[in-house]
Structure formats: structure tokens, C-alpha cells
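Q: Below you will find the structure I want to go over with you.
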Amino acid sequence: MNEISWDDFQRVELRVGTIVAAEEFPQARKPAYKLRVDFGPEIGIRRSSAQITDLYSPDQLVGRQVIGVVNFPAKQIGPMMSECLITGFHRDDGSVVLAVPDQQVDNGVRLA
């Protein structure tokens, strides 16, 4: 494990957002969903591709709060531009469990 400085950590914008849309992403190389996540009035709605199909359906995702990195540069994922990274934890079987707040908070709140 590499140590980072406090300044390194502070450069990562980890924010809470609410998934407002989730749909299948058949053009992705690995099974994934296209997500639209509302990160509040300061940041707005961002698009993302998330490989979370093993444990979640699109219907289960809409309305759910997640933690995302919002200051990565946009990245082309197949035919869509991903504008944030939704965070999660890999299980031994390869499935991903979303990193989420355990209580409701305002969209856009930064992880501190």
C-alpha cells in the first residue's frame, strides 16, 4: 500500500449523488449500466457507466444515493462519455457492492 498525503486526498472530489436514471448498456465490453446521477445544484447531473449488474437491477438503482468521484476527466466508454466514477467494493466473485451513505444526505455533499 502506498501512503498519500492529506493534500492528495483533498484533491479527490468524492460527493454524494442520487441515481435519477439507470438503463442497460449493451454496447459496453463488460456488463454495465448507464447511470445519470444528480450531484446537486453546484455539480448537476453526471453520466457514468457502472459494472454493477451482478447485484443490482436498474429499478433498484433509481432513487438510491451513491458516492462518486466527480473531478476525473470525462472518459469515452463505448458510445457514451462517462463524467464521474461511481465507487464500490469488489467481492471475491467479481461482483461490485456500491459504496453508499448509511443515511440520507443532501446531493453534492463532499466526503470529509
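All residue numbers for the sequence shown refer to the UniProt record's numbering, where the first residue is 1 and numbers rise by one.
Ideal placement from N, C-alpha and C gives every residue a C-beta, glycine not left out.
Thinking G68 and L85 are a contact (beta carbons under 8 Å), I'd like their distance in whole angstroms, please.
A: The Cβ separation is near 6 Å, so the contact holds.
Q: Which residues in the same chain as P31 place their Cβ atom closer than 7 Å to its Cβ, once the five residues preceding and following it in sequence are excluded?
A: Excluding positions up to five away in sequence, the list reads Q51, T53.
Q: DSSP three-state call for F89: helix, strand or coil?
A: Correct three-state label for F89: strand.
Q: Taking all protein chains shown into account, do 16 or more other C-beta atoms lie within 10 angstroms of the C-beta of F72, making it buried, or fewer, making it exposed?
A: Classification for F72: exposed.
Q: What are the start and end residues of the beta strand (DSSP E) that includes L14?
A: Here the beta strand (DSSP E) through L14 covers 14-24.
Q: Kindly list the residues whose CB is nearer than 6 Å to the CB of A99, restricted to its own chain and excluding five residues on each side of it in sequence; keep chain order.
A: Within the same chain, A99 has close Cβ partners I67, T87, G88.
Q: Can you say whether N2 is buried or exposed, counting buried as having 16 or more other CB atoms within 10 angstroms of its CB?
A: That one is exposed.
Q: Spatial neighbours of P58 within its chain, please: CB distance less than 8 Å, with the 5 preceding and 5 following residues excluded, ordered by chain position.
A: A22, E23, E24, Y33.
Q: With the cut-off set at 8 Å, would you say R11 and V70 are in Cβ contact?
A: It is not a contact, given that the beta carbons lie outside the stated cut-off.
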